[in-house]
Amino acid sequence: MLIADAFFYLFATTCVAAGFMVISARNPVHAVLFLILAFVNAAGLFILLGAEFLALILVVVYVGAVAVLFLFVVMMLDVDFAELRAGFLDYLPIGALIGLILLVELILVFGSWVITPEISAHITTPTPPIDKVSNIEALGLILYTKYIYFFEAAGVILLIAMIGAIVLTLHHKEGIKRQSIVTQVGRTRDEAIEVRHVEPGQGL
Amino acid sequence: MTETVSPIVNYLSALPEICLVIGAMALLMLGAFRGNQTADLICWLSIGLLLFAATLVVVMPATGKVAFDGAFIMDRFAQFMKVLTLLGSAVVIFMSFEFMRSARLQKFEYPILIILATTGMLMMISANDLIALYLGLELQSLALYVIAAFRTDSVRSSEAGLKYFVLGALSSGMLLYGCSLIYGFTGTTGFSGIAAAATPSVHNLGLIFGLVFFMAGLAFKISAVPFHMWTPDVYEGAPTPVTAFFATAPKIAAMAMFLRAVHVAFPDITHQWQQIVVFISIGSMVLGAFAAIGQNDIKRLMAYSSIGHMGFALVGLASGDQAGVQAVIVYLTIYLVMNVGVFACILSMRRSDGMVEEIDELAGLSRNSPIMAFLLAMLMFSLAGIPPLAGFFAKFYVFLAAINAGLYVLAVIGVLSSVVGAYYYLRIIKIMYFDEPAEKFEPMPGALQGVLAVSGVLVIFFFTYPAPLVAAANIAAKSLF
Chain G
1 MLIADAFFYL
11 FATTCVAAGF
21 MVISARNPVH
31 AVLFLILAFV
41 NAAGLFILLG
51 AEFLALILVV
61 VYVGAVAVLF
71 LFVVMMLDVD
81 FAELRAGFLD
91 YLPIGALIGL
101 ILLVELILVF
111 GSWVITPEIS
121 AHITTPTPPI
131 DKVSNIEALG
141 LILYTKYIYF
151 FEAAGVILLI
161 AMIGAIVLTL
171 HHKEGIKRQS
181 IVTQVGRTRD
191 EAIEVRHVEP
201 GQGL
Chain Y
1001 MTETVSPIVN
1011 YLSALPEICL
1021 VIGAMALLML
1031 GAFRGNQTAD
1041 LICWLSIGLL
1051 LFAATLVVVM
1061 PATGKVAFDG
1071 AFIMDRFAQF
1081 MKVLTLLGSA
1091 VVIFMSFEFM
1101 RSARLQKFEY
1111 PILIILATTG
1121 MLMMISANDL
1131 IALYLGLELQ
1141 SLALYVIAAF
1151 RTDSVRSSEA
1161 GLKYFVLGAL
1171 SSGMLLYGCS
1181 LIYGFTGTTG
1191 FSGIAAAATP
1201 SVHNLGLIFG
1211 LVFFMAGLAF
1221 KISAVPFHMW
1231 TPDVYEGAPT
1241 PVTAFFATAP
1251 KIAAMAMFLR
1261 AVHVAFPDIT
1271 HQWQQIVVFI
1281 SIGSMVLGAF
1291 AAIGQNDIKR
1301 LMAYSSIGHM
1311 GFALVGLASG
1321 DQAGVQAVIV
1331 YLTIYLVMNV
1341 GVFACILSMR
1351 RSDGMVEEID
1361 ELAGLSRNSP
1371 IMAFLLAMLM
1381 FSLAGIPPLA
1391 GFFAKFYVFL
1401 AAINAGLYVL
1411 AVIGVLSSVV
1421 GAYYYLRIIK
1431 IMYFDEPAEK
1441 FEPMPGALQG
1451 VLAVSGVLVI
1461 FFFTYPAPLV
1471 AAANIAAKSL
1481 F
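Chains G and Y supply the protein sequences, listed in that same order.
My numbering applies: residue 1 is where the first sequence begins, and numbers increase by one.
My numbering applies: residue 1001 is where the second sequence begins, and numbers increase by one.
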């Protein structure tokens, strides 16, 4: 138990510290790298909770894809982050207020479980208990059976998103030279080479 | 846990949706490999696919059995609404050819996005679970956002798409917030489970709070006041066939979803949602009547008209009984027929230098093309609700249902706003018949002529034989109770 606790505090402190560095780092690239650090530590916290699937998804999707995308955007777009952050301190009171509201809400949510324990009776637990099957297995058991309809519908929604992005942004410009393998390969010697007889000392 | 249904039964009950999605993907492949020169062919194939799906819906047994663990239901109500939606979508594609050709918008993705949006609508109609409802809604909305912005060379079309997208995302957020509260306070997302938990004996403030947000999200999709702000701008900015689509099929599907959600998931707390429906109904009717008066753009006018009509349909919903649902179904059917006809006219408002959208351009239409003017006038009379045209019966049934349910104030306000609304419909007729003729329009394409003729004939002669529609609506309404 002690080791698990130690790891919890290690992951949690690193995560909070990395989160703080994300908003305070001067260099935006550093900020994204700290964001990745925060993600990885959050994944560690999930593993401690026994949610290994969520942890792996976090690493694969957020670190592997989203954070790298951020990195690209930060590096490609010439945004002056120092200027964006100029009024940072002015917004601190509002930020603190929002943080306070979130804190109160969290306390209320957990408080409601303490005050009215019968609410937790409403929470349905259709999945098998965690000590019998791992949660990847539990997800797999229902994702393609009970939730197949939702799963496929979500897939079609993503397809529409893809079609939409292509329809709205792809413009075929006229007069652009493109590589055409067929014409390249189909060229014969006669079209490609012209034999000229050059007189000595004359040039073309 | 419900009894296990064999997978094949599940898939069979969703066969039309599956066919549409597979067909859309096949057409996408065809378009991707053959390019935009196949756009016309793909439009025709899409119409065929939609009609095929409609045939499937008709021949399939509509037993009211649930599939996919209660997420999907196929009953008489779903059957009727699905056929209506599929026909609406097919007619819109049929009307688009000429416009798309002249606007050089012949992209093969257009009919495919309409098919996918229609799939979403069918899922909304059959949704018997909050997650299924939301997924269907997003499937539909996402495709609609894209086709609203379809005209990438027009700033207004892009603006329409963006505005629709941002406000639609906001409304989805509200809907989801409501769903999460409903789920939190009932412990289930299935409509039957919610109905069992939402009883009047239990005073459940959190559930009602969730219901309000849920209905706000639904009201946005049918563009009911106070969630109507996007409608005029989107209708005006989107390409006209897309506007015609927005005004027909999605409205019907969203209203069907609204009907099922409140009647199946909250049957025992009718008095809770009735107040909300009465409020948005009055708001929509009054705003639709007054705001349309000052409009000069016919697409904007139709936007306000559709807001008003949704208000009238909500009158039937407000009565909260089977007669009310039947009235809404009749209303939506007639609304679809009328709107398709009017948009056939709007799509043929074309001069040699392009489309025109000002109402004044209709001046003297009675002398330039008397038949079109006559049919449009009949449609306008019908939209205004003047007997003996179909629109009168639509309004008659909803007001009758409201009066039988004791909602006298609502019915009186409805009749009064219908009188105010008659002004701007009659103004169009006055412009067509009594103003100095404007320049002639280009001759009307055959497809639009056909649609207008069918729509006009149905609207004019509905009173001679209304029984089949009323009977079908009755059977459909019965399956919700």
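Glycine residues also receive a C-beta, built at the ideal position from the N, C-alpha and C atoms.
Remember, it's a predicted structure, so these values are computed and weren't measured experimentally.
Output the distance between the C-alpha atoms of residue i and residue j, rounded to the nearest integer angstrom.
i: Y/Ala-1244; j: Y/Val-1337; result: 12 Å
i: Y/Phe-1150; j: Y/Leu-1452; result: 25 Å
i: Y/Leu-1287; j: Y/Val-1415; result: 14 Å
i: Y/Phe-1434; j: Y/Thr-1270; result: 49 Å
i: Y/Leu-1122; j: Y/Tyr-1408; result: 34 Å
i: Y/Cys-1179; j: Y/Leu-1211; result: 8 Å
i: G/Gly-44; j: Y/Thr-1119; result: 41 Å
i: G/Leu-158; j: G/Ile-3; result: 42 Å
i: Y/Val-1083; j: G/Ile-136; result: 41 Å
i: G/Phe-34; j: G/Thr-14; result: 10 Å
i: Y/Ser-1382; j: Y/Ala-1390; result: 6 Å
i: Y/Leu-1521; j: Y/Ile-1428; result: Past the boundaries of the shown model lies residue 1521 of chain Y; chain Y is included only from 1001 to 1481, so the question cannot be answered.
i: G/Glu-191; j: G/Gly-201; result: 27 Å
i: Y/Phe-1481; j: Y/Val-1262; result: 11 Å
i: Y/Phe-1399; j: Y/Arg-1101; result: 43 Å
i: Y/Glu-1017; j: Y/Val-1009; result: 14 Å
i: Y/Tyr-1335; j: G/Ala-17; result: 60 Å
i: G/Tyr-221; j: G/Leu-56; result: Residue 221 of chain G cannot be examined here, being either before or after the span of chain G that is shown, 1 to 204.
i: G/Val-185; j: G/Lys-173; result: 25 Å
i: Y/Phe-1266; j: Y/Gly-1136; result: 20 Å
i: Y/Tyr-1110; j: G/Ala-153; result: 20 Å
Looking only at its own chain, which residues have a Cβ that is under 6 Å from the Cβ of residue i, when we skip the five neighbours before and after it?
i: Y/Arg-1260; result: none
i: Y/Ile-1298; result: Ile-1346, Glu-1357 and Ile-1359
i: Y/Ala-1476; result: Arg-1076, Phe-1077, Phe-1080 and Ile-1329
i: G/Phe-46; result: Leu-54 and Ala-55
Within the same chain, show all residues whose beta-carbon is closer than 8 Å to that of residue i, passing over the 5 residues directly before and after it, in chain order.
i: Y/Gly-1187; result: Gly-1193 and Ala-1197
i: Y/Met-1372; result: Cys-1345, Ser-1348, Leu-1365, Met-1444 and Leu-1452
i: Y/Leu-1379; result: Met-1338, Gly-1341, Val-1342, Cys-1345, Ser-1455, Gly-1456 and Val-1459
i: Y/Cys-1019; result: Leu-1049, Phe-1052, Ala-1053 and Leu-1056
i: Y/Leu-1162; result: Ala-1149
At 7 Å on the CB atoms, spell out the chain Y contacts of residue i, in chain order.
i: G/Val-109; result: The premise fails here: G/Val-109 is roughly 10 Å from chain Y at the closest Cβ pair, so nothing lies under 7 Å.
i: G/Lys-173; result: Going along chain Y, no residue has its Cβ under 7 Å from G/Lys-173, so there is no contact; the nearest lies around 13 Å.
Going along the chain, which residues of its own chain have a beta-carbon closer than 7 Å to the beta-carbon of residue i, five neighbours each way excluded?
i: Y/Met-1355; result: Thr-1240 and Met-1349
i: Y/Leu-1030; result: Thr-1038 and Ile-1042
i: G/Val-32; result: Ala-67, Phe-70, Leu-71 and Val-74
What's the call for residue i, buried or exposed, on a 16-neighbour Cβ count within 10 Å?
i: Y/Lys-1482; result: No answer is possible for residue 1482 of chain Y: it lies beyond the span of chain Y, which begins at 1001 and ends at 1481.
i: Y/Trp-1273; result: buried
i: G/Asn-27; result: exposed
i: G/Ala-42; result: buried
i: G/Thr-188; result: exposed
i: Y/Tyr-1183; result: buried
i: G/Leu-77; result: exposed
i: G/Pro-126; result: Per-residue confidence for G/Pro-126 stands at a pLDDT of 49, beneath the threshold of 50, marking its modelled position as unreliable; the derived number appears in the next sentence. With fewer than 16 Cβ atoms within 10 Å of its Cβ, G/Pro-126 is classed as exposed.
i: Y/Asn-966; result: Because chain Y in this structure spans residues 1001 to 1481, residue 966 of chain Y falls outside the shown range and cannot be described.
i: G/Ser-24; result: exposed
i: G/Tyr-91; result: exposed
i: Y/Gln-1275; result: exposed
i: Y/Thr-1199; result: exposed
i: Y/Val-1225; result: buried
i: Y/Ser-1281; result: buried
i: G/Gln-179; result: exposed
i: Y/Tyr-1164; result: buried
Please list the partners that residue i has in chain Y, where partner means a Cβ-to-Cβ separation under 8 Å.
i: G/Ile-157; result: Leu-1135, Glu-1138, Leu-1139 and Leu-1142
i: G/Gly-140; result: Neighbours of G/Gly-140 on chain Y: none; closest Cβ ~16 Å, over 8 Å.
Run through chain Y and tell me which residues come within less than 9 Å of residue i, C-beta to C-beta.
i: G/Leu-168; result: Val-1146, Ala-1149, Phe-1150, Thr-1152, Ser-1158 and Gly-1161
i: G/Ile-181; result: None at all; the shortest Cβ gap to chain Y is about 16 Å.
i: G/Ile-98; result: Under the 9 Å cutoff, chain Y gives no residues; its nearest Cβ is about 17 Å from G/Ile-98.
Using a C-beta to C-beta distance shorter than 7 Å, which residues of chain G count as neighbours of residue i?
i: Y/Met-1123; result: Ala-153
i: Y/Asp-1069; result: Lys-146
i: Y/Ile-1346; result: Within chain G, no residue comes near Y/Ile-1346; the closest Cβ sits about 24 Å away, beyond 7 Å.
i: Y/Thr-1021; result: With the sequence shown as reference, residue 1021 of chain Y is identified as Val, and Thr is not the correct amino acid for it. Chain G residues near Y/Val-1021: Val-156.
Taking Cβ-Cβ distances shorter than 8 Å, what residues in chain G pair up with residue i?
i: Y/Thr-1119; result: Val-156
i: Y/Ala-1132; result: Tyr-149, Phe-150 and Ala-153
On the three-pair Cβ rule with 8 Å, is the region 1089 to 1104 of chain Y touching the region 1235 to 1251 of chain Y?
They touch, by the three-pair rule.
When you compare the region 1165 to 1180 of chain Y with the region 1216 to 1223 of chain Y, are there three or more beta-carbon pairs, one atom per stretch, that lie closer than 8 Å?
yes
Looking at C-beta atoms only, is the number of pairs between the region 1308 to 1323 of chain Y and the region 1281 to 1295 of chain Y that lie closer than 8 Å three or more?
Touching, per the Cβ criterion.
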